[in-house]
Amino acid sequence: MVRDTNKHYKFDWITIILFLLLVGFGWLNILSASHTEGHIDYFTFSEPYGKQSIFILLTFCIIIVILGIEAKFYERFSSVIYIVSILFLVGLFIFGKNVNGATSWYAIGSMTLQPSEFAKTATALAVAKHISDLNTNINSFKDQIQTFVIIIIPALLVLLQNDTGSTIVYGAFFFVLYREGLPKYYLSIGVSVIILSVLALKFGPLASSIIASIFILSYYYINRKKMTLFQSLFVLLLSIGLSYGIKLFYDSILKPHQQDRISLWLRLEDDPVKLEEMKRTFAYNLNESEKAISSGGFKGKGFLEGTRTTGKFVPEQHTDYIFSTVGEEWGFLGSSFVVILFILLLLRILHLAELQKSQFSRVYGYGVASIIFIHFLINIGMVMGLIPTIGIPLPLFSYGGSGLWAFTILIFIFIKLDSNKINEW
Amino acid sequence: MRQLLLFVSIIFVGLLFIFRLFYLQIYTSNEHDLFEDNAIRKVYDYPKRGFIYDRNGKLLVANQPSYDVMVIPREVKPLDTLEFCSLLKIDKERFINTYDKARHYSPRLPSVFLSHLSKEDYAALQEKMRKFEGFYIQKRSLRHYQTTIGANVLGDIGEVNTNDLKKDSYYRMGDLKGKQGVEASYEEILRGVKGIKFIQKDRFNRNIGPYKEGTFDTIPEQGKDITITIDAKLQEYGELLMQNKRGGVIAIEPASGEILAMVSAPTYDPNILVGRGRSKNFTELFKDSVAKPLFNRSLQGVYEPGSPFKLMNALIGLQEGVITPNETVTCYAGYKYGNRFMKCHCYIGKRNNLVSGIQESCNAYFATTYRKILDKNGNASTGIDTWSKHAKSFGLGDYLGYDLKVGRPGRIPDRNYYKRVYPKTFYSTYTISNAIGQGEVATTPIQLANMVAAIANRGYYYTPHIIKSIEGETLPEQFTKAKHTTIDKAHFEPVIEGMLQVYKKGTAASLQVKDIEICGKTGTVENFVTIDSLKTQLTDHSIFVAFAPKNDPKIAIAVFVENGYWGSRFAGKIASLMIEKHIKDTITRKDLEEWILRHSLENEYAKPYSEEPFRINKHTKLQLVDDSEYKRLKRHLKISQNQ
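Chains A and B, in that order, are what the protein sequence lines are. First residue of the first sequence: 58, per the numbering used here; consecutive thereafter. First residue of the second sequence: 120, per the numbering used here; consecutive thereafter.
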């Protein structure tokens, strides 16, 4: 039964409004973070905010195209889209342009394009397609491996291009797989490894081994039926091995700048002289960013009135550190507003995903929410010093055409799929 | 349940972020303060410091530009130190020391790297300055003295120290502040209020324009000019006369309390404390613990007043009704009390009344008077308190309240003061030396001059002050309201008559000035120092106090010349010359002037440091200044007369 309603009302306007609010507010902050003296020329190629205006205008063309295409197209052509985007990533090794140490851009004249941004969308489509295939059973080891391979290929490619941040984003698919039935021990193992690593780095491998031993042995005594002694001893040895392995990994394999970031995050350094030194060097951005946010206070200094923003104290403020502008100029009120907007957007997408009749749409919707969530978590967490410095943009907010378009495509394909759910069976 | 993982994670992260924002922006955030915000550069605009004029409108202190090299250590980039040092004319060691000091003070605040560049060095340096990042040149205004006199009056300005910075938030590192003299007393009037500009910086510390179009900027408020009560000519003459002597001269206009001249010898040329030599010269002055040129003897020198204090005792005696002007006391070339004897230079059997007692400075007369005052009610304990109260009403024994920063309270003892030495019995004879201004009585030259001014006014005085007028302001009441002493007006005439007789026939008879009736009193004061823990007597101090003319006093003066032997020998001559200078503006007694210029007391001052036994008073010989020094003084005198 197809209801005869106005075609537009099929789209989820709540998501679209949240999308527009984030893009609009983002642009105001890019303007603040990048404008220099005097006159503001809204459509200029010489200033980031001017370029962003143009990117936003083009975004609307993209939206129209995305929504105009038949919903089934995305499912049917997901493999092709995936392969094409992988080819683009591979092509970077030959034609790529190196910016800030990462070979992630194609340069066409003065325009640059970052295929890794689009690859996330393509991967989300491919994962959705693979899992929703009737022959796929996520509980089977073979299908797990196949799904991992789909995810790992683009993740490895961006890692090889020195874009660690984007690699981590592929971790988002864990949420998708878990939702679709990935065995629970993946979650247990994942969480345990993270906790163990943090303990090993913060308190040393010996302390973390002891904590793990106490934990595992008491678990064994309480649940003797579930676990044999041999099993628990095996887990124990594994934990101890991991504790020392992580420490070794940190000391010998990580590059100094990565060590610094982790040491800063876990507050491993307590020598005040070295802390000062850190603030001047690799912790400079974070320090300035925290200071800018903190200086905003409750109400903020006002739009275009932030002294640290105007003085460009926070490097990369219009891209990865855009949230510090919000913090300084709009204060606690504005920053909380942005956080709440993201939460609402994420929950809305999550809610819509659960409502989908087709598994493809649901898995894809989950992918969208997870990818945006990871970006949100890492970016704002990093700007506020809760997470080690990892350079990824704040979705819809940060300056950059590729990022904006990629997220637009990511979200609007889902909106299109969602609008088509009445036609599903 | 599997749906919940992402949902819960999103909610958890959202709350975590809002909590973190609360912590950063509300819990640990301070109100936005422009002065604390290091994204805003604060540039100060220093106003012109007020000029200083003398009472006749002669400009004494003006300003001149000076250039300081400033450094902000954090912004310093590797530089060609060799070139930099040669431009600044300093060596590398000094470069490193100064730089370390600046960095220690603050890596991000500007410090003075090198102060007071000469114009030539400034010109050479300015062209190359852009090569030395983190260094810049700051223009400042320095004092420009139009005269070589009055160092102790005018004072000087210097960089604020850390103590000043702590006490007053107005000052910033490198600011200049009055340190001594009127520069210190009237600092806030002279300095004005500096203006401030807020400039937005970027993270490379470059200026990118005024903050909020200069809404918060303030304009500097110019310093006000002041006129001081000093008569530059009299001051200069006084300083000239006191050359090669030590001591203080204070001249006050009795009718107003204005300080006409304030000489402290030895002194120095105020110009040496300006510019690059300041620090070196100041250290030299500061270290001279023998001559103490920075010690303002006319304000800080505490001396036993000697015979001039007899005037005080005469006044108290009359007020208390224990003596009358005509009552006589027989002197036995001294005064016998108990089994002790106080000598006097009167002949045995000389009968003195009040006038002749003052004229002859008879110790017996004043010992008798003092005892009568103390024993008036048969109880010396209450007697001395009465005596003390009268003396203190002349401004003795405590800070006078004049408008200069330095001073001493002196001492006028009362019963309480003697409690420790004489806890139980107390007789007037115990403190008999107070009768002749020795013993426990101590005054500064300005207190004594003020006492004379009060006598000249017949019973009241104005608090002595150095400020005559401030541009657009009225003087505080404390300087314009008369303070009355506890002595009735009628009692002053006999004492003044006695002082006139001192000049006419008495101990100051050698100091005659045509047509001026001077009322004076000489003083010869024993004094001691400790040499190698041995109390050693030095040649007496020469003291003279006076006012003139008798009936319409224009000047009250106190002159202290250390180790000048007797009152009229040095102090009297100087006082009489200065009185003549002030009243007539020309000196008729060239011989007297010549004598003072010709004679030095330096050999006297050298004695305690000679490490050899020496003899004092009548065994000393007058020292003549050498010819070159004499010529220099004469030249100086000539220049001052031609002005």
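All C-beta atoms, glycine included, are put in the ideal place defined by N, C-alpha and C.
Assuming residue i and residue j make a contact with CB atoms under 8 Å, what is their CB distance in whole Å?
{"i": "B:Arg530", "j": "B:Glu559", "result": "6 Å"}
{"i": "B:Lys673", "j": "B:Ile702", "result": "6 Å"}
{"i": "B:Gly376", "j": "B:Phe598", "result": "6 Å"}
{"i": "B:Asn472", "j": "B:Tyr454", "result": "No, B:Asn472 and B:Tyr454 are not in contact; Cβ-Cβ is about 16 Å, not under 8 Å."}
{"i": "B:Arg259", "j": "B:Tyr165", "result": "7 Å"}
In the structure shown, what three-state DSSP assignment does residue i receive?
{"i": "A:Val156", "result": "strand"}
{"i": "B:Met431", "result": "helix"}
{"i": "A:Val59", "result": "Bear in mind that a pLDDT of 47 at A:Val59, under 50, signals an unreliable position, so the number given afterwards is only what the model happens to contain. A:Val59 falls in the coil class under three-state DSSP."}
{"i": "B:Lys343", "result": "coil"}
{"i": "B:Asp187", "result": "strand"}
{"i": "B:Thr337", "result": "strand"}
{"i": "B:Cys638", "result": "strand"}
{"i": "B:Tyr521", "result": "coil"}
{"i": "B:Gly617", "result": "helix"}
{"i": "A:Tyr66", "result": "Here A:Tyr66 scores only 47 on pLDDT, less than 50, and its place in the model is too uncertain to base an answer on."}
{"i": "B:Cys481", "result": "coil"}
{"i": "A:Val383", "result": "helix"}
{"i": "A:Trp162", "result": "strand"}
Looking at the secondary structure, which residues open and close the beta strand (DSSP E) in which residue i lies?
{"i": "A:Gly353", "result": "Here A:Gly353 belongs to no beta strand (DSSP E); instead the alpha helix (DSSP H) covers 341-353."}
{"i": "B:Met461", "result": "459-471"}
{"i": "B:Pro329", "result": "326-329"}
{"i": "A:Ile188", "result": "Note, A:Ile188: premise wrong, no beta strand (DSSP E); alpha helix (DSSP H) at 172-189."}
{"i": "A:Phe198", "result": "Run containing A:Phe198: none in the beta strand (DSSP E); it sits in the alpha helix (DSSP H), 198-217."}
{"i": "B:Ala452", "result": "448-456"}
What span of residues does the alpha helix (DSSP H) with residue i cover, start to end?
{"i": "B:Val632", "result": "Element bounds for B:Val632: n/a, residue is neither H nor E."}
{"i": "A:Asn436", "result": "416-440"}
{"i": "B:Leu134", "result": "123-141"}
{"i": "B:Thr655", "result": "From DSSP, B:Thr655 is part of no alpha helix (DSSP H) but of the beta strand (DSSP E) over 653-667."}
{"i": "B:Gln265", "result": "That residue, B:Gln265, is in no alpha helix (DSSP H); it is neither H nor E in DSSP."}
{"i": "B:Ser417", "result": "416-419"}
{"i": "B:Leu359", "result": "351-360"}
{"i": "B:Thr217", "result": "211-224"}
{"i": "A:Lys473", "result": "458-476"}
Considering only C-alpha positions, which residue in the set the options is nearest to residue i?
{"i": "A:Asn436", "options": "A:Lys356, A:Gly302, A:Phe469, A:Ser346", "result": "A:Ser346"}
{"i": "A:Phe433", "options": "A:Ile379, A:Leu474, A:Tyr243", "result": "A:Ile379"}
{"i": "B:Leu308", "options": "B:Gly520, B:Lys296, B:Gln478", "result": "The amino acid at residue 308 of chain B is misidentified as Leu; the sequence shows Ile. Checked all of B:Gly520, B:Lys296, B:Gln478; the closest Cα to B:Ile308 is B:Lys296."}
{"i": "B:Pro427", "options": "B:Ser304, B:Lys538, B:Thr626", "result": "B:Thr626"}
{"i": "B:Asp494", "options": "B:Val441, B:Asp283, B:Tyr454", "result": "B:Val441"}
{"i": "B:Leu696", "options": "B:Val421, B:Ile637, B:Val648", "result": "B:Ile637"}
{"i": "A:Trp462", "options": "A:Leu216, A:Phe175, A:Thr101, A:Phe339", "result": "A:Phe175"}
{"i": "A:Ser418", "options": "A:Met441, A:Val395, A:Ser476, A:Leu404", "result": "A:Ser476"}
{"i": "A:Gly83", "options": "A:Gly424, A:Phe360, A:Ile472, A:Tyr242", "result": "A:Phe360"}
{"i": "A:Tyr456", "options": "A:Ser89, A:Thr72, A:Leu75", "result": "A:Ser89"}
Note down the Cα distance separating residue i from residue j, rounded to an integer number of angstroms.
{"i": "B:Thr402", "j": "B:Lys411", "result": "12 Å"}
{"i": "A:Pro445", "j": "A:Lys348", "result": "17 Å"}
{"i": "B:Asp344", "j": "B:Arg490", "result": "52 Å"}
{"i": "B:Glu731", "j": "B:Asn646", "result": "19 Å"}
{"i": "B:Gly366", "j": "B:Asp659", "result": "13 Å"}
{"i": "A:Ile207", "j": "A:Thr180", "result": "7 Å"}
{"i": "B:Ser288", "j": "A:Ile350", "result": "29 Å"}
{"i": "A:Ile397", "j": "B:Val127", "result": "15 Å"}
{"i": "B:Leu711", "j": "B:Glu355", "result": "17 Å"}
{"i": "B:Thr655", "j": "B:Tyr684", "result": "16 Å"}
{"i": "B:Leu123", "j": "B:Lys285", "result": "60 Å"}
{"i": "A:Leu149", "j": "A:Tyr163", "result": "7 Å"}
{"i": "B:Ile347", "j": "B:Asp522", "result": "11 Å"}
{"i": "B:Tyr290", "j": "B:Thr281", "result": "10 Å"}
{"i": "B:Ile215", "j": "B:Asn569", "result": "53 Å"}
{"i": "B:Tyr622", "j": "B:Gln341", "result": "50 Å"}
{"i": "B:Phe254", "j": "B:Arg395", "result": "19 Å"}
Below 8 Å on C-beta distance, what does residue i contact in chain C?
{"i": "B:Gly133", "result": "No chain C appears in this structure, whose protein chains are A and B."}
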